[in-house]
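Step one of this worksheet: look at the structure below.
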Amino acid sequence: DGGITQSPKYLFRKEGQNVTLSCEQNLNHDAMYWYRQDPGQGLRLIYYSQIVNDFQKGDIAEGYSVSREKKESFPLTVTSAQKNPTAFYLCASSVFDRSNEKLFFGSGTQLSVL
Amino acid sequence: AQTVTQSQPEMSVQEAETVTLSCTYDTSESDYYLFWYKQPPSRQMILVIRQEAYKQQNATENRFSVNFQKAAKSFSLKISDSQLGDAAMYFCAFKNRDDKIIFGKGTRLHILP
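Chains as they are written, first to last, in the working numbering: chain R, 1 to 114; chain P, 115 to 227.
Pasting the structure below:
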């Protein structure tokens, strides 16, 4: 079955530590996205990528980094510079199809600080 | 910069009744997409309905329909015959021609039995 896989489901970060959230899709989608969701809040865009080896900052990119070395993969690193990383992180992908435009979402990663 | 505003943090509706969730957006572009997504307690995001800005006809999906007013930059969601399973957070989203997709803060919908 095609879809988006995020791992791990739960992740804990220690002070000063970098952690990486995985996002893999087998939908052959061109665009991929990372969103952050805080309790009771909407989704805020961190980074997005339209093609391999290219990505754009979203509205809250500070303290995060990404890479897009393969079409299927778009990992997100939460760096030590991100002072308030506790949140639910959602990865999504989209295909460039004017007649069927939509986002496909993974099941999310809950990141907490120890 | 584009923005999406959902002015109703929470709403309640009696089962079997109709409810309308509001969404407004700001953009200078003429070609874009608008979406409504549902997020139940499982936190899985589910597409409810999609609207292409170049289409004047309002999109419908079974009990869900939209009122798209392009000039007013308004995109409201109407849920008819509300069911208990409709209880969730609902997010309005906007996609521009650069593929940037932004979301509103959401409306929590309660269904009263």
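Cβ atoms here follow ideal geometry from the backbone N, Cα and C, with glycine treated the same way.
One thing to note: glutamine 183 of chain P has its Cβ no nearer than 8 Å to the Cβ of alanine 173 of chain P.
The straight-line gap separating the alpha-carbon atoms of alanine 130 of chain P and arginine 222 of chain P is approximately 18 Å. When the alpha-carbon of alanine 202 of chain P is set against those of P/Lys152, P/Arg211 and P/Val162, the nearest one is in P/Lys152.
If you check the CB distance, phenylalanine 189 of chain P and leucine 148 of chain P come in under 8 Å. Relative to the Cα of lysine 192 of chain P, the nearest Cα in the group P/Pro154, P/Ser136 and P/Pro155 belongs to P/Ser136.
A Cβ of chain P is located within less than 8 Å of the beta carbon of glutamate 101 of chain R. In this structure, the CA atom of glutamate 72 of chain R is about 33 Å from the CA atom of aspartate 200 of chain P. Taking a C-beta cut-off of 7 Å against chain R, none of the residues of the region 176-196 of chain P qualify.
Nearest CB-CB separation between isoleucine 225 of chain P and chain R: not below the 8 Å threshold. About 7 Å separates the CB atoms of glutamine 56 of chain R and tyrosine 47 of chain R; that is less than 8 Å, so the two are in contact. Using a CB distance cut-off of 8 Å, serine 107 of chain R counts as an interface residue toward chain P.
DSSP places leucine 27 of chain R in the coil class of the three-state scheme, outside both helix and strand. Just so you know, the alpha carbons of valine 95 of chain R and glutamate 101 of chain R end up roughly 7 Å apart. As for any beta strand (DSSP E) of minimum length 3 sitting wholly inside the region 44-94 of chain R, the runs are 64-66, 76-78 and 87-94, ordered along the chain.
Per the coordinates, the alpha-carbon of isoleucine 4 of chain R lies some 13 Å from the alpha-carbon of tyrosine 89 of chain R. Here DSSP, grouped into helix, strand and coil, assigns aspartate 140 of chain P to strand. With its beta carbon less than 8 Å from one in chain P, leucine 90 of chain R belongs to the interface.
DSSP, read as helix, strand or coil, puts leucine 114 of chain R in coil. In terms of beta-carbon proximity, alanine 31 of chain R lines the interface with chain P, with at least one pair separated by less than 8 Å. Given a length threshold of 3 residues, each whole run of the beta strand (DSSP E) inside the region 177-223 of chain P is given here in chain order: 178-183, 188-193, 202-209 and 215-217.
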